[in-house]
Structures are given as structure tokens and as C-alpha cells.
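Working notes, beginning with the structure itself.
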Amino acid sequence: MDTVFIKQLIVPTLIGVFPEERKAPQNLLIDLEMSTDVRPAAEDDDLTKTIDYAAVRESIMQFAADSSFELVETFAERLAQHLNQHFH
616 MDTVFIKQLI
626 VPTLIGVFPE
636 ERKAPQNLLI
646 DLEMSTDVRP
656 AAEDDDLTKT
666 IDYAAVRESI
676 MQFAADSSFE
686 LVETFAERLA
696 QHLNQHFH
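Pasting the structure below:
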């Protein structure tokens, strides 16, 4: 199994417990590791047979834009569920 990394992705989202925290989007810094088998893509030089970094990034950005949570922990857990549904 191989690992795909996305590091230091800055993602604006509405997050926080207190009203003053939720007045404007705050930036979250995301580091992500996803396990996958890259051999099929490497054998055929075919992006469709592996995880497309750009698609993952866009999915994270859209998820954050559409989300509003009080806790960073909730954001992280729901994002992980979202990515597992769409990229595994």
C-alpha cells in the first residue's frame, strides 16, 4: 500500500463555538495522508487509476465552504468520512 500526501493546504471555513469566532471564515491548515495502491496507475501511466490530488483538494475546499462546525475535531472527522466516501 502506498500513501498520498497533501500538506499545508489552507482551507477557509466557518468554525468556532463563540459568536465572535463565527463572524467570518477562519483558515484551517490541513495535512492529509491517504492510503492507496498506485501500481495500476504507474503500470499504465493513467491518472484515472489512482487518487487525483487536484480532485481531492477541490473536494476538501468545497466541503469546507459548505460546512459549519463548532469544533475542529468534528470538522476533521466529517472530512475524513467525506473523503472515504468519495475517494475509496
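Residue numbers (our numbering): 616 to 703. Note that the Cβ used here is the ideal one computed from N, Cα and C, for glycine as well.
Exercise. Can you give the Cα-Cα distance for L629 and I645, rounded to whole angstroms?
Worked result: Distance between L629 and I645, taken at the CA atoms: about 15 Å.
Problem set entry | Collapsed DSSP secondary structure at T665 in the structure displayed | Coil.
For this session: Note down the Cα distance separating Q700 from F690, rounded to an integer number of angstroms.
Result: The straight-line gap separating the alpha-carbon atoms of Q700 and F690 is approximately 15 Å.
For this session: On the DSSP bridge assignment, give the partners of S683 in chain order.
Result: The secondary-structure analysis by DSSP pairs S683 across a beta bridge with L629.
Exercise. At which residues does the alpha helix (DSSP H) containing D659 begin and terminate?
Worked result: Per DSSP, D659 belongs to the alpha helix (DSSP H) from R654 to D659.
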